[in-house]
Amino acid sequence: MKARHLMAATVAGLLSLPLAGPGYAQESVEGSWTGAILVLGGELGMSVHFTRSDSALIATMDIPQQGAAKLALRNVRVEPPKVHFELLGGPGLAVFDGELQGDSISGSFEQSGVNGTFWLRPAAAAAAELEPAAPPPYREEEVGFANGDVTLAGTLTVPEGPGPHPAVVLITGSGPQNRDEEIFGFKPFRLIADHLTRNGIAVLRYDDRGVGGSSGSVQTATSDDFANDALAAVALLQARPDIGRDAVGLLGHSEGALVAPIASGRSKDVAFLVLLAGTAVPGDRILLAQGQLILKANGGTPEQLERQRRLQEEIFAAIRADTGWEAVRHEIETQIRESIDALPPEQRDRISDLDTFVQTRAQQQILGVQSPWFRFFLDFDPVAALRRVTVPVLAVFGETDLQVPPTLNVGPMNDALAAAGNRDYTVRVLPGMNHLFQASETGNPSEYASLKKEFAPGFLELVSNWIRERTASIR
-6 MKARHLMAAT VAGLLSLPLA GPGYAQESVE GSWTGAILVL GGELGMSVHF
44 TRSDSALIAT MDIPQQGAAK LALRNVRVEP PKVHFELLGG PGLAVFDGEL
94 QGDSISGSFE QSGVNGTFWL RPAAAAAAEL EPAAPPPYRE EEVGFANGDV
144 TLAGTLTVPE GPGPHPAVVL ITGSGPQNRD EEIFGFKPFR LIADHLTRNG
194 IAVLRYDDRG VGGSSGSVQT ATSDDFANDA LAAVALLQAR PDIGRDAVGL
244 LGHSEGALVA PIASGRSKDV AFLVLLAGTA VPGDRILLAQ GQLILKANGG
294 TPEQLERQRR LQEEIFAAIR ADTGWEAVRH EIETQIRESI DALPPEQRDR
344 ISDLDTFVQT RAQQQILGVQ SPWFRFFLDF DPVAALRRVT VPVLAVFGET
394 DLQVPPTLNV GPMNDALAAA GNRDYTVRVL PGMNHLFQAS ETGNPSEYAS
444 LKKEFAPGFL ELVSNWIRER TASIR
């Protein structure tokens, strides 16, 4: 689950809902570039792809944190060393003006009165730092499957040998995410898939609805719908001769760990569950605790903490009664203005049209909490699903997680699985790990961009050893 607080939402809300348009450029920038926008003290990762069509250079942008891919850019111009391109989105026209210097492009960014900077470097160079030197010792296939009128695209990694192999389906956390569950360049699901497959376990990971190669829309779906997506993935694996039909499990992270028990309760085809940072209390309690912990970690005063709690409760009441939205809007705008006032002068000065900026950000946040997903998550109690789970379960929490705090969820998780009569469940809290199971002393989501793009020692081994023990009979 991504952090949902005002300034994080402010940065993540940039660049949405693009329109199309080609441009003209020089050959020197052709290819893929990866980097970030730096604005209001935050960072938004992006990739830009330049491809030539006849005399035109057509550019597209990916924004992994928003689950957005192939966003068409317009007015692409390259007059060395100058590089210019634009993205037309819901918040307004985003304008990028940079310079090509050696193997990097950097410059200024402006959208809806907000000014910042951006940088890009060749994607091949960035990928080389994360890729293994040798080809992996397993097969990798692009696959597709359907759940009703929604088609989902993913990657299946299969160990060497004829099988049958045990397998696991990976389910992402909240918000539109790609098959790697990518955030700030960290690709948790890609690393999990690589490790498990090297240890004899096939892995299917797939793009969320409306992301990458998948159709549909994550904005109009709920966790209940995502459970059926996961079961469609299980069915795909069970139809393969190289996969053990009775050894296909689900691994969910954050919201995915809420989705997995829902899916398990609907089908006897799920052999086991791995729940990473999974919730065991209703969404309103998670969001209240998350908001308080993150704001406090960012230096929030007792007064600010109380105001945020009241605002969240007002939002929850408005959702349930479908009234009171004007009061909610006023308070959100007030808090956004106060957040901006607290920024350093050089960051405040980057907002040239404060009123437009505040109104746009407030509207985006209101639309977000009015979505079907948010309404479902707010009052859904995971205990109802957990009490139906009788297959083996590994539930893992990070000690410093501020988004799904273990102190709030470990007890209810244990109690629910015990009430289910489950005879094989393990609940672990891993010291010094955050919501993404990286080594982190504070667990603050503001660290995600700067932490090493790797899991803390011991995490992957815990997961793979547990799965291997539960599926040893088919190997």
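Following our numbering, the numbering of the sequence shown begins with -6 at its first residue and continues without gaps.
Don't be surprised by glycine CBs; every beta carbon is placed ideally from N, CA and C.
As assigned by DSSP and simplified to three states, the class of residue i
i	result
residue 184	helix
residue 239	strand
residue 370	helix
residue 334	helix
residue 70	strand
residue 419	strand
residue 216	helix
residue 358	helix
residue 466	helix
residue 194	coil
residue 489	Because residue 489 is not part of the residues shown, which for the chain are -6 to 468, the question remains open.
residue 444	coil
residue 170	coil
residue 36	strand
residue 302	helix
residue 461	helix
residue 349	helix
residue 294	coil
residue 104	strand
residue 20	Legend: pLDDT at residue 20 = 43, less than 50; position of this residue unreliable, value from coordinates given subsequently. Residue state, collapsed to three classes: helix.
residue 94	strand
residue 127	coil
residue 15	Confidence is the limiting factor: at residue 15 the pLDDT is only 35, short of 50, which leaves the residue's position unreliable, though a coordinate-based value still follows. Three-state result, residue 15: coil.
residue 383	coil
residue 144	strand
8 Å Cβ cutoff met for residue i and residue j
i	j	result
residue 78	residue 52	yes
residue 371	residue 312	yes
residue 285	residue 302	yes
residue 397	residue 270	yes
residue 111	residue 442	no
residue 160	residue 236	yes
residue 267	residue 30	no
residue 216	residue 428	no
residue 65	residue 55	no
residue 355	residue 333	no
residue 200	residue 183	no
residue 26	residue 115	yes
residue 308	residue 245	no
residue 43	residue 23	yes
residue 290	residue 437	yes
residue 406	residue 377	no
Status (buried if at least 16 other CB within 10 Å, exposed otherwise) for residue i
i	result
residue 360	exposed
residue 435	exposed
residue 46	exposed
residue 48	exposed
residue 417	exposed
residue 257	buried
residue 310	exposed
residue 323	exposed
residue 94	exposed
residue 411	exposed
residue 462	exposed
residue 167	buried
residue 232	exposed
residue 148	buried
residue 454	exposed
residue 175	buried
residue 450	exposed
residue 337	exposed
residue 394	buried
residue 57	buried
Spatial neighbours of residue i in its chain, beta-carbon cut-off 6 Å, leaving aside the 5 residues before and after
i	result
residue 98	76, 91, 113
residue 85	104, 105
residue 186	150, 196, 198
residue 108	343
residue 464	159, 240
residue 318	311
residue 132	151
residue 277	309, 371
Close-in-space but distant-in-sequence residues of the same chain around residue i (CB under 7 Å, 5 per side omitted)
i	result
residue 264	239, 240, 241, 242, 384
residue 415	382, 383, 386
Cβ-based neighbour list, residue i, same chain, cut-off 8 Å, excluding 5 preceding and 5 following
i	result
residue 157	234, 235, 236, 237, 238, 240, 467
residue 413	379, 380, 381, 382, 383
residue 36	4, 29, 30, 177, 442
Legend entry - Cβ contact check for the stretch 141 to 152 and the stretch 195 to 215: 3 or more pairs under 8 Å: The answer is yes - the stretch 195 to 215 touches the stretch 141 to 152, with three or more Cβ pairs under 8 Å.
Inset, instruction - Kindly confirm or deny that the stretch 369 to 388 and the stretch 424 to 436 touch, where touching means at least three C-beta pairs closer than 8 Å. - result: no
Legend entry - Segment contact flag, the stretch 186 to 195 with the stretch 263 to 280, C-beta cutoff 8 Å, min 3 pairs: no
Inset, instruction - Could you tell me whether the stretch 217 to 231 touches the stretch 335 to 348, using the rule of 3 or more Cβ pairs below 8 Å? - result: no
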